[in-house]
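Notes follow the structure.
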Amino acid sequence: MHDRVNLSQAAPELYAAVAELERLASARAEAAGWARGFTHLLRLHASQINGCAFCLRLHARDALAAGESADRVAVLPAWRETNYFDARERAALALVEAVTRISDGQLPDTVYAEASAALSEAEIAAVEWIAVVINAWNRIAIPSRYPVGP
Numbered sequence: 002m003h004d005r006v007n008l009s010q011a012a013p014e015l016y017a018a019v020a021e022l023e024r025l026a027s028a029r030a031e032a033a034g035w036a037r038g039f040t041h042l043l044r045l046h047a048s049q050i051n052g053c054a055f056c057l058r059l060h061a062r063d064a065l066a067a068g069e070s071a072d073r074v075a076v077l078p079a080w081r082e083t084n085y086f087d088a089r090e091r092a093a094l095a096l097v098e099a100v101t102r103i104s105d106g107q108l109p110d111t112v113y114a115e116a117s118a119a120l121s122e123a124e125i126a127a128v129e130w131i132a133v134v135i136n137a138w139n140r141i142a143i144p145s146r147y148p149v150g151p
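In this note's numbering, each number is its position in the sequence shown, counted from 1, plus 1.
Here it is in structure tokens:
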């Protein structure tokens, strides 16, 4: 395997800009009333879709440290099949999925309508920004092959 360019080292000013975007998105989510632990579940779920091992480990740990239950972390890939998430959280999870899979039919009107029925404009914007930023992080970590091991 060839060594990969580490994007954070190759362009630290761009990495810092994404870190600042992360800070702003987190502040927006908090202001919109989203629990910190749940925002890590949103990040975790997007990272599951993208297959980003580095972010999976990071956000699973962060979600647990922020008070999320091990059960909610464990069932996250099959959230639709569980009763662990309320209507508001389910709308947010569907929205994160749609933004993460944006190349697959854009953001479907049905997903957005469900989000609009359950969430305020501020909550929708916060979730979409969380999705935008975690997808950026996944696209930094995956090509750089950030190491993940025990």
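Even for Gly, the Cβ is constructed at its ideal location relative to N, Cα and C.
First and last residue of the alpha helix (DSSP H) that includes residue i?
{"i": "residue 56", "result": "54-66"}
{"i": "residue 133", "result": "122-145"}
{"i": "residue 154", "result": "No answer is possible for residue 154: the residues shown for the chain start at 2 and end at 151."}
{"i": "residue 50", "result": "37-51"}
{"i": "residue 99", "result": "88-101"}
{"i": "residue 19", "result": "13-32"}
{"i": "residue 158", "result": "Lying outside 2 to 151, the shown extent of the chain, residue 158 is not represented and no answer is given."}
{"i": "residue 110", "result": "110-119"}
Just to check my reading of the structure: residue i and residue j have Cβ atoms closer than 8 Å, yes? What is that Cβ distance to the nearest angstrom?
{"i": "residue 8", "j": "residue 16", "result": "7 Å"}
{"i": "residue 43", "j": "residue 128", "result": "7 Å"}
{"i": "residue 131", "j": "residue 48", "result": "Rounded, the Cβ-Cβ distance is 12 Å, inconsistent with contact."}
Notebook entry, point to check: For the 8 Å Cβ check, are there 3 or more pairs between the stretch 78-98 and the stretch 111-129?
Noted result: Contact between the stretch 78-98 and the stretch 111-129 is present: three or more C-beta pairs spanning the two stretches fall below 8 Å.
Notebook entry, point to check: Between the stretch 73-89 and the stretch 52-59, are three or more C-beta pairs nearer than 8 Å?
Noted result: Remark: fewer than three beta-carbon pairs, one from each stretch, lie closer than 8 Å, so the stretch 73-89 and the stretch 52-59 are not flagged as touching.
Next item on the list: May I ask you to verify whether the stretch 101-108 touches the stretch 65-74, counting CB pairs closer than 8 Å and requiring at least 3?
Entry: Flag = no, the stretch 101-108 and the stretch 65-74 do not touch.
Notebook entry, point to check: Is there contact here, the stretch 136-150 with the stretch 27-35, by at least three beta-carbon pairs under 8 Å?
Noted result: Below 8 Å, too few C-beta pairs join the stretch 136-150 and the stretch 27-35 to call them touching: fewer than three.
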